[in-house]
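The sequence shown begins at 755 in my numbering and counts up one residue at a time.
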Amino acid sequence: MVKNGWKSIPEFPGWNNPNAVLTVGPAEIKVVEFSAKYEGTWLFHCHVVPHVADDKKYPRGMLTLLKVSGESALSSIQPEGEKGLVGEQAGLSQEPRVASIPGFQPFDYPNGIASRGYDVYGNNCKACHGHLAKGEYGPKLQENPVLENNDTFWKTVMKGRGNMPAWEERLSVQQIADVQAYLKTLKPAPPP
């Protein structure tokens, strides 16, 4: 985000946290609510992929302008679903802050045990994501921001994404939590 003049930028939960990643896939909608102390026009920079994966071949982001003036009705905005339908009939949540993610219902995420996650990762994930999760056929997971975004991490592991298969039928919820805990412990080796 770029601030307007010398005024403070709008704040919403996690706005200053580099690991607070909001992922929106094709045909998905999320509504973000925030409060602004000052009127003005605010510039948001949204990335299509993380900086680390940018191959410089083409732009991977979009800019969004948001104009704030006086009272805001953002909390009452609901995204449109299927034509002619509204609210839950359109497959949308009635909760004004976040629209639903098709095929995935958030739940209380269990705490994992990294030492158990090491074995589960080695037997199920290493072939694609590589030794120490440095990336091979699948993306690098070492220090990947997706590890801090539970909804995205769990949806990806359980339902699959791109070339990655769904693991919900093969791994238990506890095993997935253990893998996530293990991945969070991995740090790149210091330079020589």
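Virtual Cβ for every residue (Gly too), placed ideally from N, Cα, C.
Can you check the stretch 878 to 916 for any beta strand (DSSP E) of at least 3 residues that lies completely inside it and give the ranges in chain order? The stretch 878 to 916 contains no whole beta strand (DSSP E) run of 3 or more residues.
Residues of its chain near GLY892, where Cβ-Cβ distance is below 7 Å and the 5 sequence neighbours each way are ignored: CYS882, HIS883, MET918
Can you give me the Cβ contacts of LEU940 inside the same chain, cut-off strictly under 8 Å, excluding the 5 residues immediately before and after it? These residues qualify, in order along the chain: LEU886, ALA887, LEU895, GLN896, GLU897.
Check whether PHE907 and GLN934 have beta carbons under 9 Å apart: yes
CA nearest to the CA of TYR863, picked from VAL874, LYS913, ARG924, ASN903: ASN903
Could you check where the alpha helix (DSSP H) with ILE930 kicks off and where it finishes? 927 to 939
With 16 other Cβ atoms within 10 Å as the buried cut-off, status of ASP932: It is buried - the Cβ of ASP932 has at least 16 other Cβ atoms within 10 Å.
Residues near ALA920 by beta carbon distance below 7 Å, same chain, minus five either side: MET912, LYS913, GLY914
Within a Cβ cutoff of 7 Å, which residues of the same chain sit near VAL927, ignoring the five residues on either side of it in sequence? Closer than 7 Å at the Cβ level, and outside the excluded window around VAL927, lie PRO864.
Tell me the rounded alpha-carbon separation between ARG870 and CYS879. Whole-angstrom Cα-Cα distance: 13 Å.
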